[in-house]
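Colleague: Residues in the sequence shown are numbered consecutively from 1, following UniProt numbering.
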Amino acid sequence: MMNNIAAIDSFQPQEKDKFFFDTNIWMYLYCPMGGHNRSIIKKYDAFLKKVIQARSSIYISSLVLSEFFNAYTRLEFNILKGKEPTKYHDFKKDFRGTSDYKKLVLDIKTTVESYILKLAKRLDDNFSSIDLDDLFEDIEKSDFNDNYCLILVAGENIKVVTNDYDFVSTKKIKVPILTANDKLLKGT
Numbered sequence: 001m002m003n004n005i006a007a008i009d010s011f012q013p014q015e016k017d018k019f020f021f022d023t024n025i026w027m028y029l030y031c032p033m034g035g036h037n038r039s040i041i042k043k044y045d046a047f048l049k050k051v052i053q054a055r056s057s058i059y060i061s062s063l064v065l066s067e068f069f070n071a072y073t074r075l076e077f078n079i080l081k082g083k084e085p086t087k088y089h090d091f092k093k094d095f096r097g098t099s100d101y102k103k104l105v106l107d108i109k110t111t112v113e114s115y116i117l118k119l120a121k122r123l124d125d126n127f128s129s130i131d132l133d134d135l136f137e138d139i140e141k142s143d144f145n146d147n148y149c150l151i152l153v154a155g156e157n158i159k160v161v162t163n164d165y166d167f168v169s170t171k172k173i174k175v176p177i178l179t180a181n182d183k184l185l186k187g188t
């Protein structure tokens, strides 16, 4: 049995609804250099607008914020590496600490402060009460961070918004999921 998964474009948010946007959604919405599929971005952007209009709540965790930062900086590094492979060979040695990196960090910080945290409430992770067995449940088919996010929102009546197929693999942790990912909707 899998999580309760529904199509994002047919869901109508209500004021009482609470949503947890996965990292990939924040990347689609606020990482312009990602080269993401425009039709997918439009679906999540339209959903965000419906959530704002309904005055529903959006939540974010420190883990998702960390993933957003790391994915964004790695993406920029890989773009630079593709343009100048001899100059940008190693992320830590050749990119961190450079003026390009420092500018990027300021841009990301501005995005987080001016957009993401204006929309989303911080969700404390309560790590001390998380059962480690649950974190490792179905780990051979799922992702550790995705399991962590599911545990974080389970029991809080929060729906996960994601485009990540790994969320279908966790059988024990039941959380409603909204997506535009056809593969995730089919559960295959």
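Positions of the beta carbon are idealized from the N, C-alpha and C atoms, including for glycine.
First and last residue of the beta strand (DSSP E) that includes Arg74?
Modeller: Position 74 of the sequence shown, counted from the start, is the residue given in the question as residue 74. No beta strand (DSSP E) holds Arg74; the alpha helix (DSSP H) holding it covers 62-83.
Colleague: Just mark Ser39 as buried or exposed, buried being the case when its beta carbon has 16 or more other beta carbons within 10 Å.
Modeller: Within the sequence shown, the letter at position 39 stands for residue 39. Ser39 should be labelled exposed.
Colleague: If distances are taken between C-alpha atoms only, which option among Ile116, Thr73, Leu106 comes closest to Phe95?
Modeller: The sequence position of residue 95 within the sequence shown is 95, counting from 1. Ranking Ile116, Thr73, Leu106 by Cα distance to Phe95 puts Thr73 first.
Colleague: Mark Thr188 as exposed unless 16 or more other C-beta atoms lie within 10 angstroms of its C-beta, in which case mark it buried.
Modeller: By one-based count along the sequence shown, residue 188 stands at place 188. With a pLDDT of only 48 at Thr188, under 50, the local geometry of the prediction cannot be trusted, and no value is derived from it.
Colleague: Which of the three DSSP states, helix, strand or coil, is assigned to Thr162?
Modeller: Counting from 1 along the sequence shown, the entry for residue 162 is found at position 162. Looking at Thr162 - three-state DSSP - the assignment turns out to be coil, as it is neither helix nor strand.
Colleague: Looking at the strands, I want to know which residues DSSP matches up with Leu178.
Modeller: Walking along the sequence shown from the start, residue 178 turns up at place 178. Answer is Ala6, Val161, bridged to Leu178.
Colleague: Phe91 by DSSP, collapsed to three states: which one?
Modeller: Mapped onto the sequence shown, residue 91 falls at position 91. Correct three-state label for Phe91: helix.
Colleague: Specify, as a first and last residue, the run of the alpha helix (DSSP H) that Phe21 falls within.
Modeller: Indexing the sequence shown from 1 puts residue 21 at position 21. Judged by DSSP secondary structure, Phe21 falls outside any alpha helix (DSSP H) and instead within the beta strand (DSSP E) spanning 18-21.
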